[in-house]
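Numbering (the numbering used here), first residue to last: 1440 to 1670. Note that the Cβ used here is the ideal one computed from N, Cα and C, for glycine as well. Being a predicted model, the structure only gives us computed values, none of them experimental. A quick write-up on the structure given underneath.
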């Protein structure tokens, strides 16, 4: 991350997942990174997206340690115990929609609220993993109702937060990022192991994109290859 100062501090939320752990490993391997903090349900401090108080506590603990230059939110779900992604309207149910939105939208919204103020004012980058299927303009196949809608809502939260944050932190960059199809537990039921690529490759691409983003691009939606995606 050449755009960040030597000894920069990085935070990865959702660090126990395939992509989150790959972010932690990549940042730890960067000789210019001074500290990498990984948060998840079993970390210290713990962060549970279903527990608003834990999000607030984790942010307060880290705030006392100083500003953070890079924040990556890598947690999310595609399918839950309530069921697989809905292919038809008839499959929509409240329980599944609620679970998906809690993790993909409401939790990241709380992360934005509590962690965006921790960004370094000189150069701070915050990226939340979204998905191309959350693009309304790019939706050509339909299906996957809850997942698509939760990611579209997440994109709106990122866009809106970026407008507010830039008023007080003009050098901040807040973006939604599409990692592409990655071989992970999330994509496994959908041939992710066959058509996906290693999390390490996706993370390397996303870090390169984040490194090159400018403050005027804050609030954008970008793919792992740097392409700007439609809302």
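Remark: fewer than three beta-carbon pairs, one from each stretch, lie closer than 8 Å, so the region 1633 to 1652 and the region 1589 to 1602 are not flagged as touching.
Distances from the CA of residue 1636 to each of 1464, 1485, 1458 and 1483 were compared; the closest alpha carbon is that of 1458. Nearest C-alpha to residue 1538 among 1482, 1560 and 1584: 1584. A straight-line Cα-Cα distance of about 13 Å links residue 1556 and residue 1497.
Residue pairing by DSSP places residue 1519 opposite 1522 in a beta bridge. Counting only residues of its own chain and dropping the five nearest sequence neighbours on each side, residue 1560 has a CB closer than 6 Å to the CB of 1608. Relative to the Cα of residue 1531, the nearest Cα in the group 1582, 1574 and 1576 belongs to 1582. The C-beta separation of residue 1572 from residue 1612 comes to about 24 Å, leaving the pair out of contact by the 8 Å criterion. For residue 1462, the enclosing alpha helix (DSSP H) covers residues 1457 to 1467. Residue 1441 sits exposed, since fewer than 16 C-beta atoms from the chains shown fall within 10 Å of its C-beta. Here residue 1568 is near residue 1616, since their CB atoms are less than 8 Å apart. Contact between residue 1514 and residue 1542 holds: CB atoms are separated by about 7 Å, below the 8 Å threshold. In terms of Cα proximity to residue 1604, the closest of 1448, 1474 and 1562 is 1562. Scanning its chain for C-beta atoms nearer than 6 Å, with the 5 sequence neighbours on each side dropped, one finds no residue around residue 1468.
Contact between the region 1573 to 1580 and the region 1516 to 1523 is not established, with fewer than three Cβ pairs separated by less than 8 Å.
Rounded to whole angstroms, the gap between the alpha carbons of residue 1474 and residue 1447 is 7 Å. Burial state of residue 1618 is buried, judged by a 10 Å Cβ sphere holding 16 or more other Cβ atoms. By a beta-carbon distance limit of 8 Å, residue 1658 contacts residue 1601. Their separation comes to about 3 Å. In the DSSP assignment, residue 1551 is bridged to no other residue. Membership of residue 1475 in the beta strand (DSSP E) is indicated by the continuous run 1472 to 1478. Taking the Cα positions, residue 1477 is about 19 Å away from residue 1443. Taking C-beta atoms as the reference points, residue 1553 and residue 1511 fail to come closer than 8 Å. DSSP places residue 1597 in the uninterrupted alpha helix (DSSP H) bounded by 1584 to 1607. By the criterion of a C-beta distance shorter than 6 Å, residue 1445 is surrounded in its chain by 1471, once the five residues flanking it on both sides are discounted.
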